[in-house]
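Here is the structure we will look at, set down as structure tokens.
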Amino acid sequence: MTLTLPSVREISTDQETVYAFEISGHVSDDDAEALAKYMNDAFDRHEKVSMLMKLDGYEGSDKDAIFDGDVLESRWRSLFKVEKYAVVGAPDGAEKMIGVMDKLIPVDARTFKTHEEHAAWNFVGANPKI
């Protein structure tokens, strides 16, 4: 199953445990909840996963989405279920936050500039299926 929402499009990968998404525009509460449910299901199926997020054209998200039960659950579970987390094209504020959080949480999180996307794919150990 491939996840396709108004602001989130899954990118198929050549590795079963690597999940990649392109985030664009404004992420609604509904999109955030659907992505959280999708990843909670992936967390149920795999001991560990890696994730790659491309933020091309990302314009922010509904702030109250963080209070959704599925979103809270997926964020908590990601601390234990995500091995590597790559973000391509993160806005400056997000890039700094990810850099700090990488030192505080048990997830190997890194940011990459848009032109470094190939390095991000290498970091998570997968390639996009075309």
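In our numbering, the protein residues as written are 127 to 256.
Every residue gets a Cβ at the ideal spot worked out from N, C-alpha and C, and that includes glycine.
Just so you know, these numbers come straight off a predicted model, no measurement behind them.
Practice task
Kindly identify the DSSP beta-bridge partner or partners of Asp-234.
Solution key: If you number the sequence shown from 1, residue 234 lands on position 108. Lys-210, per the DSSP bridge assignment.
Handout entry: 8 Å CB neighbourhood of Val-208 in its chain, flanking five on each side removed
Key = As a working mapping, residue 208 is identified with position 82 in the sequence shown. Result list for Val-208: Lys-174, Val-175, Ser-176, Met-177, Val-233, in chain order.
Practice task
Report the three-state DSSP secondary structure of Ile-256 (helix, strand or coil).
Solution key: The count along the sequence shown starts at 1 and reaches residue 256 at position 130. Of the three classes helix, strand and coil, the one that applies to Ile-256 here is coil, per DSSP.
Problem - N- and C-terminal bounds of the alpha helix (DSSP H) containing His-244 - result: In the sequence shown, the residue the question calls residue 244 occupies position 118. First-last of the alpha helix (DSSP H) with His-244: 243-250.
Exercise for the section: Work out the CA separation of Asn-253 and Val-144 for me, nearest whole Å. Expected result: The count along the sequence shown starts at 1 and reaches residue 144 at position 18. The count along the sequence shown starts at 1 and reaches residue 253 at position 127. Using only the alpha carbons, I get a separation of about 9 Å.
Practice task
Taking 7 Å as the cut-off, decide whether the C-beta atoms of Val-214 and Ile-224 are in contact.
Solution key: Counting from 1 along the sequence shown, the entry for residue 214 is found at position 88. Counting from 1 along the sequence shown, the entry for residue 224 is found at position 98. No. Outside cutoff.
Problem - Cβ shell of Glu-199 (< 8 Å), same chain only, five flanking positions each side left out - result: Residue numbering aside, residue 199 sits at position 73 when the sequence shown is read from its first letter. These residues qualify, in order along the chain: Ala-162, Asn-166.
Handout entry: Alpha carbon of Glu-136 to alpha carbon of Gly-195, nearest angstrom
Key = Residue mapping note: residue 136 aligns to position 10 of the sequence shown, counting from 1. Residue mapping note: residue 195 aligns to position 69 of the sequence shown, counting from 1. For Glu-136 and Gly-195, the distance between alpha carbons rounds to 22 Å.
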